[in-house]
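Data block below; observations after.
There are 2 protein chains.
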Amino acid sequence: MKFLHLGDLHLGKTLSDFDLIEDQRYILDQILRIADKESIDGVFIAGDVYDKSIPSEAATRLLDYFLIELAKKEIKVFMVSGNHDSDDRLNYGSALFASNQIFISAVFDGTLHKQSFADGDTEIAIYMLPFVKASQVRHYFPDEDIRNYDDAVRAIIKNTVINRKHKNILVAHQFVAGREEDPALAGSESVGTQSVGLVEKIGYDCFDDFDYVALGHIHSPQKVGRDEIRYSGSPLKYSLSEANNEKTVPLINVSAEESVQIE
Amino acid sequence: MKFLHLGDLHLGKTLSDFDLIEDQRYILDQILRIADKESIDGVFIAGDVYDKSIPSEAATRLLDYFLIELAKKEIKVFMVSGNHDSDDRLNYGSALFASNQIFISAVFDGTLHKQSFADGDTEIAIYMLPFVKASQVRHYFPDEDIRNYDDAVRAIIKNTVINRKHKNILVAHQFVAGREEDPALAGSESVGTQSVGLVEKIGYDCFDDFDYVALGHIHSPQKVGRDEIRYSGSPLKYSLSEANNEKTVPLINVSAEESVQIE
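Protein sequences, first through last, are from chains F and G.
Position one of the first sequence corresponds to residue 40 (our numbering), numbered consecutively onward.
Position one of the second sequence corresponds to residue 40 (our numbering), numbered consecutively onward.
Pasting the structure below:
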């Protein structure tokens, strides 16, 4: 199966008074063309789908359009919430969308939900982690000591049965750091020393069980810690410092072979 | 086929500072029980689904819940927008919901859309008219003289091919008046002399082609002009003047027999 990894669409974003919705529609149309050309089976949307917790009407119309176009092409969608999204608003319709192979995980309910697909002899398991804070996770795991984001995500993964014989993919929206380095920021995130947009760092090694981790939150495309833990970056440049970065969309090939191929 | 006629749910409504969401959930659960007991095939929701154009998270969660429960029971849904709803927000997901037999018409696009079902030898055609103003309709019918709501709705119906051999049902959210009388208001509508909530009156005789007209807008259950043109009323009482009215939900039986049965 072949996947496209997207994140940080920030639909409905404005820069000063400039409405980006037409640019965003243009980019989504380009992504739909890539999906056709590359015969994509599924799209990961790793959070910050909307720019605001109450999205504009134009933003909801654009997401609706994008999801319908993907459904028409019979491309599966795996979408999680980000820190900019309202869990409940992004969650609306998700149970009904599943019959169109559109899977949304916007509200954490104590379980890291997965969707599994047979691809020849390989089973591909796609886990979807909505954006979570420590406070949202703590009461589901009363026996774990959850003090920060890192503890929270580790507790969730520890309490999930992951079969290493399968190809395991995680879609998540978090601030993930490498061993001694922070991800390179794009400039359009709001930044503190141990956090981006008040989202605290978590260590990449908590993702050891996953063959690919499709991350959102950082707007610059990059690997974190190892090749298969990636930020796709935002498809549009949202700050001047991003102006010189070429934007590309990671294509992920998952097959029976040993490792996940990334183009 | 047997239908339930609902309207004016006003999900997310508050009275002064009092949040009605739990009462609304209770009422929707009662409606789900009626649907089971009466072996209902479909539910009409005749607009003002939400109380505000930007519905609260709790309101979107409640509508989501209601639609999922109806889908689980394999009950069809025919929902139109009202003057309180945002067309675009209510429309979100509608194309994808259709595979679950949830049909939403929230944005008028120049066509009065219908869904048809065979019921034995009878064809039942359910037309869904989203809430429209004259200004929204005018440019679709440049040859018609559309000055007010009445002209607008008549122009739409005139330009729709309606087969009188079928059982034709219309779901709409408008202020419909009888020959020399206005509908009896419930008290929770905002009222002018020729309008309710800035929605102008239209004459009931424009609905002559329909066997049943499931109306929303007026909160008191009542017939307008003839037995088969009805306001279901709002399922909850939203004003003191409504306190003494018993709330019931119209049950509509459509069969091959001559006329539509209403309980």
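Note that beta-carbon positions come from the ideal geometry of N, C-alpha and C, so glycine has one too.
Fair warning: this is a prediction, and the values are worked out from it, not measured in the lab.
(message) So, under 8 Å CB-CB, G/GLY51 and G/SER78 are touching, yes? Tell me the CB distance rounded to an integer number of Å.
(response) Position 12 of the second sequence, counted from the start, is the residue given in the question as residue 51 of chain G. Position 39 of the second sequence, counted from the start, is the residue given in the question as residue 78 of chain G. Their Cβ separation, rounded to whole angstroms, is 30 Å, which puts G/GLY51 and G/SER78 out of contact at 8 Å.
(request) For the alpha helix (DSSP H) containing G/PHE136, list its first residue and its last residue. (result) One-based indexing of the second sequence puts residue 136 of chain G at position 97. Per DSSP, G/PHE136 is one residue of the alpha helix (DSSP H) stretching across 133-136.
(request) Give the residues of chain F in contact with G/GLU96, contact being defined as C-beta atoms less than 7 Å apart. (result) Taking the second sequence and counting its residues from 1, one reaches residue 96 of chain G at position 57. Within chain F, the residues near G/GLU96 are SER125, ASP127, ARG128.
(message) Could you tell me which whole alpha helix (DSSP H) segments of length 4 or greater appear in the stretch 170-224 of chain F?
(response) As far as the stretch 170-224 of chain F is concerned, its whole alpha helix (DSSP H) runs of at least 4 residues are 173-177, 188-197.
(message) So F/ASP103 contacts chain G; which residues on that side make the cut at Cβ distance below 9 Å?
(response) Indexing the first sequence from 1 puts residue 103 of chain F at position 64. Under the 9 Å cutoff, chain G gives ASP127, ASN130, TYR131, GLY132, SER133, ALA134, LEU135.
(message) As a quick exercise: from F/ASP160, F/ALA211, F/MET167, pick the residue whose alpha carbon is nearest that of F/ILE141.
(response) Against the first sequence, residue 141 of chain F aligns to sequence position 102. The residue among F/ASP160, F/ALA211, F/MET167 with its C-alpha nearest the C-alpha of F/ILE141 is F/MET167.
(request) Scan the stretch 139-164 of chain G for residues whose Cβ lies nearer than 8 Å to a Cβ of chain F and list them as they occur along the chain. (result) Cβ contacts with chain F come from ASN139, ILE141.
(request) Output yes or no for whether 8 Å exceeds the beta carbon distance between G/VAL288 and G/ILE107. (result) As a working note, residue 288 of chain G is residue 249 in the second sequence. As a working note, residue 107 of chain G is residue 68 in the second sequence. With respect to the 8 Å criterion, G/VAL288 and G/ILE107 are not classified as neighbours on the basis of their beta carbons.
(request) Inspect the beta-carbon positions of G/ASP248 and G/ARG193 and report whether they are closer than 8 Å. (result) Counting from 1 along the second sequence, the entry for residue 248 of chain G is found at position 209. Counting from 1 along the second sequence, the entry for residue 193 of chain G is found at position 154. Contact flag unset, no.
(message) Checking 8 Å against the spacing of the C-beta atoms, do F/GLY159 and F/GLY255 come in under that value?
(response) One-based indexing of the first sequence puts residue 159 of chain F at position 120. One-based indexing of the first sequence puts residue 255 of chain F at position 216. Cβ distance not < 8 Å, so F/GLY159 and F/GLY255 don't count as in contact.
(request) Go to G/LYS111, then tell me how far its alpha helix (DSSP H) extends in each direction, as first and last residue. (result) Stepping through the second sequence from its first residue, residue 111 of chain G is reached at position 72. Here the alpha helix (DSSP H) through G/LYS111 covers 96-111.
(request) Put F/SER122 into one of helix, strand or coil per three-state DSSP. (result) To locate residue 122 of chain F, count along the first sequence from 1; it is residue 83. Looking at the sequence itself, residue 122 of chain F is Asn, so the reference to Ser does not match. Residue state, collapsed to three classes: coil.
(message) Please tell me whether F/ALA225 has its Cβ less than 8 Å away from any Cβ of chain G.
(response) The count along the first sequence starts at 1 and reaches residue 225 of chain F at position 186. At a cut-off of 8 Å between beta carbons, F/ALA225 makes no contact with chain G.
(message) For G/ILE107, would you say it is in contact with chain F, using Cβ-to-Cβ distances shorter than 8 Å as the test?
(response) Within the second sequence, the letter at position 68 stands for residue 107 of chain G. True, the Cβ-Cβ gap to chain F drops below 8 Å.
(request) Jot down the residue ranges of each uninterrupted beta strand (DSSP E) in the stretch 43-91 of chain G, minimum 3 residues, whole runs only, in chain order. (result) DSSP runs (the beta strand (DSSP E)) wholly in the stretch 43-91 of chain G: 81-85.
(request) Count the other C-beta atoms from every protein chain shown that fall within 10 angstroms of the C-beta of G/ARG100, then say buried if there are 16 or more, exposed otherwise. (result) Working through the second sequence from its first residue, we reach residue 100 of chain G at position 61. Here G/ARG100 is buried. Its C-beta has 16 or more other C-beta atoms within 10 Å.
(message) Quick check on the DSSP output: the beta strand (DSSP E) that includes G/TYR270 runs from which residue to which?
(response) By one-based count along the second sequence, residue 270 of chain G stands at place 231. If you look at G/TYR270, you'll find it in the beta strand (DSSP E) that goes 265-270.
(request) Decide yes or no for the touch test of the stretch 124-139 of chain F against the stretch 135-155 of chain G: beta carbon pairs closer than 8 Å, at least 3 of them. (result) Yes, since at least three Cβ pairs between the stretch 124-139 of chain F and the stretch 135-155 of chain G fall closer than 8 Å, the two stretches touch.
(message) Just to confirm my understanding: we take G/VAL210, look at its own chain, exclude 5 residues before and 5 after, and list those with CB closer than 6 Å. What are they?
(response) Numbered from its first residue, the second sequence carries residue 210 of chain G at position 171. Cβ within range, chain order: PHE83, ALA85, PHE117, VAL119, MET167, ALA253.
(request) Output, in chain order, the set of chain G residues within a Cβ distance shorter than 7 Å of F/THR99. (result) Position 60 of the first sequence holds residue 99 of chain F. Ordered by position in chain G, the residues that pass the 7 Å Cβ test against F/THR99 are ASP127, ARG128, TYR131.
(request) Could you list which residues in chain G have their beta carbon closer than 9 Å to that of F/ILE84, in chain order? (result) The residue given as residue 84 of chain F occupies position 45 in the first sequence. Going along chain G, no residue has its Cβ under 9 Å from F/ILE84, so there is no contact; the nearest lies around 15 Å.
(request) Using the DSSP secondary-structure output, state which residues sit across from G/LYS276 in a beta bridge. (result) As a first step, residue 276 of chain G must be located in the second sequence, where it is residue number 237. Looking at the DSSP output, G/LYS276 bridges to nothing.
(message) Here's the rule I'm using: 16 or more other beta-carbon atoms within 10 Å means buried, otherwise exposed. How should F/HIS178 be labelled?
(response) Sequence index remark: in the first sequence, residue 178 of chain F carries index 139 (1-based). The residue is exposed, with fewer than 16 neighbouring Cβ atoms inside 10 Å.
(request) Under the assumption that F/VAL215 contacts F/ALA191 (Cβ atoms under 8 Å), give the Cβ distance between them as a whole number of angstroms. (result) Here residue 215 of chain F refers to the residue found at position 176 of the first sequence. Here residue 191 of chain F refers to the residue found at position 152 of the first sequence. With a Cβ gap of about 13 Å, F/VAL215 and F/ALA191 do not count as contacting.
(message) If you follow the beta strand (DSSP E) that G/LEU290 is in, where does it begin and where does it stop?
(response) Translated into the one-based positions of the second sequence, residue 290 of chain G becomes position 251. Unbroken beta strand (DSSP E) run through G/LEU290: 290-292.
(request) Determine the closest residue to G/TYR243 out of G/VAL171, G/VAL200, G/GLN213, with distance taken between C-alpha atoms. (result) As a working mapping, residue 243 of chain G is identified with position 204 in the second sequence. If we check each option's Cα against that of G/TYR243, G/GLN213 comes out closest.
(request) Enumerate in chain order the residues of its own chain whose CB-to-CB distance from F/CYS245 is below 8 Å, with the five nearest sequence positions on each side excluded. (result) In the first sequence, counting from the first residue as 1, residue 245 of chain F sits at position 206. In its chain, beyond the 5 residues on either side, ASP189, VAL192, ARG193, ILE196 have a beta carbon closer than 8 Å to the beta carbon of F/CYS245.
(message) Would F/ALA348 pass as an interface residue toward chain G - the criterion being a Cβ-Cβ separation below 8 Å?
(response) The shown model of chain F, from 40 to 302, leaves out residue 348 of chain F, and the question about it has no answer.
(message) With a threshold of 8 Å between beta-carbons, can G/ILE26 be considered close to chain F, or not?
(response) Outside the displayed span of chain G (40 to 302) sits residue 26 of chain G, for which this structure offers no information.
(request) Since I believe F/LYS112 is in contact with F/ASP75 (beta carbons under 8 Å), could you give me their beta-carbon distance rounded to a whole number of angstroms? (result) Taking the first sequence and counting its residues from 1, the one referred to as residue 75 of chain F is at position 36. Taking the first sequence and counting its residues from 1, the one referred to as residue 112 of chain F is at position 73. About 7 Å separates the two Cβ atoms, so the contact holds.
(request) Decide if G/HIS300 is buried, meaning its Cβ has at least 16 other Cβ atoms within 10 Å, or exposed. (result) The residue given as residue 300 of chain G occupies position 261 in the second sequence. The question names His, yet the displayed sequence has Gln at residue 300 of chain G. Result: exposed.
(message) For a test of the three-state rule: what should DSSP assign to F/PHE246, helix, strand or coil?
(response) Translated into the one-based positions of the first sequence, residue 246 of chain F becomes position 207. F/PHE246: helix per DSSP, three-state reduction.
(request) Could you please give me the residues that DSSP links to F/THR161 through a beta bridge? (result) The residue given as residue 161 of chain F occupies position 122 in the first sequence. Paired residues: F/ASP158.
(message) In the DSSP assignment, the beta strand (DSSP E) including F/VAL146 goes from what residue to what residue?
(response) The count along the first sequence starts at 1 and reaches residue 146 of chain F at position 107. Secondary structure note for F/VAL146: it is in no beta strand (DSSP E), with a DSSP letter that is neither H nor E.
(message) Need the endpoints of the beta strand (DSSP E) that F/GLY255 sits in, please.
(response) Translated into the one-based positions of the first sequence, residue 255 of chain F becomes position 216. Taken as a continuous stretch (DSSP letters only), the beta strand (DSSP E) holding F/GLY255 covers 251-255.
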